[in-house]
Every structure is written in C-alpha cells, then in structure tokens.
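Participant:
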Amino acid sequence: MPQLDPEFFVSQLFWLVVVFATLYFLMSKLVLPRISEVLEERQDKVDDDLARAEKLRIEAEAALTEYEEALAVAREEAAGVLKQATDEMKAQAVEQQSAFSRKLAEQSKEAEDRILAAKTEALGNLKSVAAEAAVAATAKLIGVTPGDGDVSKAVDTSMEGQG
Amino acid sequence: MAEAPNGESGFPVDPMHQFEVQAIVPIHVGDLNLSFTNASLWMVISAVAILLFLGLSMRGRALVPGRMQSMAELCYEMIANMVRDNVGQEGRKYFPFIFSLFMFLLFGNLLGMIPGSFTFTSHIIVTFAMAIVIFLAVTLIGIMRHGTKFLSLFFPHGAPLWTAVILVPIELISYLSRPISLSVRLFANMMAGHILLKVFTGFILLTGVLGVIPLAVLIGITALEFLVAVLQAYIFTILTCVYLHDAIHLH
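Now the structure itself:
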C-alpha cells in the first residue's frame, strides 16, 4: 500500500499545510467576505423591497378608501340634485296643470254663460212668438183681441206649467 | 493512475499504482523530503480551482445570481447553515475554516475522479493530519472555554457516580478515537472506491467482448463514487462541526 510508505510523509504534510493555509487565508480574507457581502446586499435589497411594497400597499389602501369616500359623496350629491330636479319638475307640472284647469274652467264658464244668454234670449223670443201666436189664434177663434198684459200673463203661466 | 501491466499476477491493471506518490520537483531540506509531488500538485490544483470557482462566479456580484453564482452561494449557505445548526452562534468565527475544509475535501475528492489525476484524500497521512489538527484544535477550544469543566465531557450528566468507573474510560476512548475514525473513514472510502474502479477496468480488459458487463458495472460505480466523493466531504465537515459543538457546549 503506497499510503503507508513513509518516504513522502513529510512532503505530504508540508504541502498540505502550505496549500491549506494559503487557501484558508485567501478564503477568509478575500472570497468569503465577498460572498457574504453579496448575500447581505441581496437580503437588504429584499427587505427593502418588502418594506417598500408594504408601504405602497398601505398607500393604495388609503387611496382606495379616499376614492370610496369621494364616490359616496358624489353619489349623495347626485341623488340630491336628482331629487331637486324632480321636485322642481313636479312643482312646475302641478302649476301648469292648475293653470290649465283654471283656464279650462274659465272657458267652460264663459261657454256656459253664452249658452245661458242664448237660452234666455231664445226663451224671450219664444215668449213673444207664443204671445203673438196666442193673440192671432184667439182673434181667429173668438174674434177678440186680448190685451197684451193678459196674453203675456197667460203665456207665462202656461210656460211655467210646462216647466 | 496510469495502467501498469502487472506481469506477476496476470491482472492487466495494478489497482494500487494510482496511489503512488511521485516527486515532480525534488526538494530536500536537510534530512527532510519536501518534494513537490503529484499529490502536492493536486492539492494546489484543488485550491486554485476553489478560488477560481468562487472568485469568478462571484465576480458579477449579481443581485439575481446566474448559474455559477448560485452554485457558489449554495455551497456558502449550506456550510453556513451547517455551522449555525450544529455549532450555533459561537461557530461563526470558525466558519471560514470549516468552509475551506469542506471545499478542499470536496474538490480533492471530485478532482480525484478525473482519470489520471491524483486523489490526495485517499492518503491516510493527509486525512489524519487534518483530523488530528481538528481534534487538537477542538480540544484546545474546549479547555480554553471551560477549563477543568471540560472534563465533564467524559462523564454524562446525571448518571450515577459509580458508573464513572465504566463510563469515563468508554467516553475517553471514544473521544480519543475521533481523529482515527474521522481520518480513516475518508481515506478508506476514497481508496476503496478508486481501487474498485481500477479492478473493474481490469475485468473489462480481461473479458474482451463480455467486457460490456463489467463496463456497465463500472459506469454505476463511477456514479456512486461521485456520490461518495460529495458525501464523504460532507460527513467529514459535519463531524468537525459536531466535535466543535461538543467542545463549545459540552453536550
């Protein structure tokens, strides 16, 4: 077994110490600080990013709340405006309706008056026509010409009796 | 790892040849043989590969890591978590050592899978040196932190006093055998795996057309060896963490 040959034992130990000591020195002074630096940097960056993300999230939530509040206010306002407009329109409609019905009543009253006048006139005419006819009929039948007062009285009486 | 025909046994591959240390640049200081060998070369290659891998992949310092950077960060975080979970907050200052240890073993084991390379973790002297240094360092840390209270590590808390006669020797032996089990586990795993690869290569050469059968097995073993390479580096490292935990927290 060449491993047990002591010829190179000292050489092996010597070079092991030299190589490993050099390796250890370079590792601890150069290589490992660099790796740990990079890893720390990354950890810091990740932590930083996480913190920033958290901050942004809180900000976004605040913005959302604000927006919802503004939306609610706007909604209320819109409802107010709508109500006002409706009320106005209702009032206007009522006013217009009453004006129209007033006008309508006026017109119908006028028409009724006119009808009444015409009726009165017609009735007056009817009375004189009836008196004339009664005078003529009386004269023809009995040859007596009644006085105007009697005739009109008689006509009135019979017309009243007719209703 | 070069295949040397072994004329005596008739087996076409010498499975032990791959473990032979050869001097590339012979250096002798006094009586000491400090030659730069193929084992040393692969130690250097491993270290350079680790530094290049980590250095180049982290060069971009990208916030969103690419593939290479992810791999480097994965290694870092795996060991960081291992140290944190097993040793705790006090383990932070030992992290560079444990990370270097893990990467050195991992790269040593994985680079050893390259045909023709040298697996320095398959040498008991190398793994034992690491294990004994860890053992001594951990013991020293324990004594410096706790003084004589460190000795309570050898007697489970709450056990009846008379059991100390049995328990203390057992705990002591298990404690002292830690460097041996730690180093032998890694060394034996790496050596056995590499021998197995060579033996099956020999079977392929011996069986001719029928060699497809050992070839299929060889492919499976190769995959298994990659797993073992990673796993053994991991086990060595996590046991180091566990020993460190014992020394710092005394069970």
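Quick note, the sequences are listed as chains A and B, same order.
If you number the first sequence the way my numbering does, the last residue is 163 and the count never jumps.
If you number the second sequence the way my numbering does, the last residue is 1251 and the count never jumps.
Just so it is clear, CB atoms sit at the ideal spot from N, CA and C, and this is done for glycine as well.
1) Taking one C-beta from the segment 1086-1106 of chain B and one from the segment 55-74 of chain A each time, how about it: are there three or more such pairs within less than 8 Å?
2) Put histidine 1249 of chain B into one of helix, strand or coil per three-state DSSP.
3) Quick one: what's got a C-beta closer than 7 Å to methionine 1058 of chain B's C-beta in the same chain, skipping five residues either side?
4) Given that glutamate 7 of chain A touches chain B, what residues does it touch there, using C-beta distances under 8 Å?
5) Which bits of chain A does phenylalanine 1099 of chain B rub up against, with CB to CB less than 7 Å?
6) For the alpha helix (DSSP H) that contains alanine 79 of chain A, what are its first and last residues?
7) With 16 as the cutoff for other CB atoms within 10 Å, does glutamine 96 of chain A come out buried or exposed?
8) DSSP puts alanine 1229 of chain B in a beta bridge; with which residues?
9) Just curious, the beta strand (DSSP E) that valine 1133 of chain B is in, first and last residue?
10) For arginine 52 of chain A, would you say it is in contact with chain B, using Cβ-to-Cβ distances shorter than 7 Å as the test?
11) Taking Cβ-Cβ distances shorter than 7 Å, what residues in chain A pair up with phenylalanine 1104 of chain B?
12) Can you find a C-beta in chain A that's less than 7 Å from the C-beta of tyrosine 1076 of chain B?
13) Kindly list, in the order they appear in chain A, the residues whose Cβ is closer than 9 Å to that of threonine 1037 of chain B.
14) Is there at least one Cβ from chain A nearer than 7 Å to histidine 1123 of chain B's Cβ?
15) Buried or exposed, going by whether 16 or more other CB atoms sit within 10 Å of the CB of proline 1026 of chain B?
16) Starting from alanine 21 of chain A, trace the alpha helix (DSSP H) both ways and give me its first and last residue.
17) Shorter than 7 Å from the beta carbon of arginine 1061 of chain B to some beta carbon of chain A?
18) Identify whether serine 1117 of chain B lies in helix, strand or coil by the three-state DSSP scheme.
19) Could you spell out where the beta strand (DSSP E) holding valine 1025 of chain B opens and where it closes?
20) Name the DSSP beta bridge partners of leucine 1041 of chain B, please?
21) Of the residues B:Tyr1076, B:Val1013, B:Met1016, B:Leu1054, which one's Cα is nearest the Cα of glutamate 40 of chain A?
22) Which value, in whole angstroms, describes the spacing of the CA atoms of proline 33 of chain A and phenylalanine 20 of chain A?
23) For glycine 1193 of chain B, collect the residues of the same chain with a Cβ closer than 6 Å to its Cβ; drop the 5 residues on either side in sequence, then sort them by chain order.
24) Report all residues from its chain with a CB closer than 8 Å to the CB of aspartate 44 of chain A; omit the five preceding and five following residues, and keep chain order.
25) Compare the C-alpha of serine 1152 of chain B against each of B:Thr1163, B:Val1168, B:Ala1137, B:Trp1162 and name the closest.
26) How big is the Cα-Cα spacing for glutamate 132 of chain A and lysine 119 of chain A?
27) Indicate whether at least one CB of chain A lies closer than 7 Å to the CB of alanine 1229 of chain B.
28) Looking at the strands, I want to know which residues DSSP matches up with leucine 1032 of chain B.
29) Just the chain E side, please: which residues come within less than 8 Å of isoleucine 35 of chain A by C-beta, in chain order?
30) Report yes if the CB atom of serine 1046 of chain B is closer than 7 Å to the CB atom of phenylalanine 1107 of chain B, and no otherwise.
31) Cβ of glutamine 3 of chain A less than 7 Å from any chain B Cβ?
32) Check the Cβ-Cβ distances between valine 38 of chain A and every residue of chain B, and say whether any is below 7 Å.
Facilitator: Reading from the atomic positions:
1) no
2) Here residue 1249 of chain B refers to the residue found at position 249 when the second sequence is read from its first residue. Helix, per DSSP.
3) In the second sequence, counting from the first residue as 1, residue 1058 of chain B sits at position 58. Closer than 7 Å at Cβ, skipping near neighbours: Gln1069, Ala1072.
4) The residue you call residue 7 of chain A lines up with position 7 of the first sequence. Those are Val1021, Asn1033, listed as they occur along chain B.
5) Within the second sequence, numbered from 1, the residue matching residue 1099 of chain B stands at position 99. Simply Met27, Leu32.
6) Translated into positions along the first sequence, residue 79 of chain A becomes position 79. 32-142 is the span of the alpha helix (DSSP H), which, as asked, contains alanine 79 of chain A.
7) What you label residue 96 of chain A is simply residue 96 of the first sequence in a count that begins at 1. When all chains shown are included, glutamine 96 of chain A counts as exposed.
8) Here residue 1229 of chain B refers to the residue found at position 229 of the second sequence. Answer is none; alanine 1229 of chain B lacks a bridge partner.
9) Residue 1133 of chain B sits at position 133 when you count from the first residue of the second sequence. Premise fails: valine 1133 of chain B lies in the alpha helix (DSSP H), 1124-1146, not in any beta strand (DSSP E).
10) On the first sequence, position 52 is the one that residue 52 of chain A refers to. Answer no: the Cβ-Cβ gap between arginine 52 of chain A and chain B never drops below 7 Å.
11) Taking the second sequence and counting its residues from 1, one reaches residue 1104 of chain B at position 104. The contacting residues are Phe20, Leu23.
12) On the second sequence, residue 1076 of chain B is found 76 positions in, with the first residue counted as 1. Tyrosine 1076 of chain B counts as touching chain A.
13) Residue numbering aside, residue 1037 of chain B sits at position 37 when the second sequence is read from its first letter. Within chain A, the residues near threonine 1037 of chain B are Phe8, Ser11, Gln12, Trp15.
14) In the second sequence, the residue the question calls residue 1123 of chain B occupies position 123. So yes, histidine 1123 of chain B belongs to the interface.
15) In the second sequence, the residue the question calls residue 1026 of chain B occupies position 26. Proline 1026 of chain B should be labelled exposed.
16) Here residue 21 of chain A refers to the residue found at position 21 when the first sequence is read from its first residue. Residues 9-26.
17) To locate residue 1061 of chain B, count along the second sequence from 1; it is residue 61. Output row for arginine 1061 of chain B: interface = yes.
18) Stepping through the second sequence from its first residue, residue 1117 of chain B is reached at position 117. Serine 1117 of chain B falls in the coil class under three-state DSSP.
19) Taking the second sequence and counting its residues from 1, the one referred to as residue 1025 of chain B is at position 25. First-last of the beta strand (DSSP E) with valine 1025 of chain B: 1023-1025.
20) To locate residue 1041 of chain B, count along the second sequence from 1; it is residue 41. Leucine 1041 of chain B pairs with nothing; no bridge assigned.
21) Residue numbering aside, residue 40 of chain A sits at position 40 when the first sequence is read from its first letter. Taking the Cα of glutamate 40 of chain A as reference, the smallest distance to any Cα among B:Tyr1076, B:Val1013, B:Met1016, B:Leu1054 is reached at B:Tyr1076.
22) Taking the first sequence and counting its residues from 1, the one referred to as residue 33 of chain A is at position 33. Taking the first sequence and counting its residues from 1, the one referred to as residue 20 of chain A is at position 20. If you take the alpha carbons of proline 33 of chain A and phenylalanine 20 of chain A, they lie about 18 Å apart.
23) The residue you call residue 1193 of chain B lines up with position 193 of the second sequence. Excluding positions up to five away in sequence, the list reads Glu1225, Val1228.
24) Locating residue 44 of chain A in the first sequence gives position 44, where the first residue counts as 1. So no residue of the chain qualifies.
25) By one-based count along the second sequence, residue 1152 of chain B stands at place 152. Measuring from the Cα of serine 1152 of chain B, the nearest candidate turns out to be B:Val1168.
26) Position 132 of the first sequence, counting from 1, holds the residue named residue 132 of chain A. Position 119 of the first sequence, counting from 1, holds the residue named residue 119 of chain A. Annotation: glutamate 132 of chain A to lysine 119 of chain A spans about 20 Å, alpha carbon to alpha carbon.
27) On the second sequence, residue 1229 of chain B is found 229 positions in, with the first residue counted as 1. Output row for alanine 1229 of chain B: interface = no.
28) Your numbering for residue 1032 of chain B matches position 32 in the second sequence. Paired residue(s): B:Val1029.
29) The chain labelled as chain E is not found among the protein chains of the depicted structure, namely A and B.
30) Counting from one through the second sequence, the residue named residue 1046 of chain B turns up at place 46. Counting from one through the second sequence, the residue named residue 1107 of chain B turns up at place 107. It is a contact, given that the beta carbons lie within the stated cut-off.
31) If you number the first sequence from 1, residue 3 of chain A lands on position 3. It does: the Cβ of glutamine 3 of chain A has a partner Cβ on chain B nearer than 7 Å.
32) Within the first sequence, residue 38 of chain A is the residue found at index 38, counting from 1. Yes, its Cβ sits closer than 7 Å to a Cβ of chain B.
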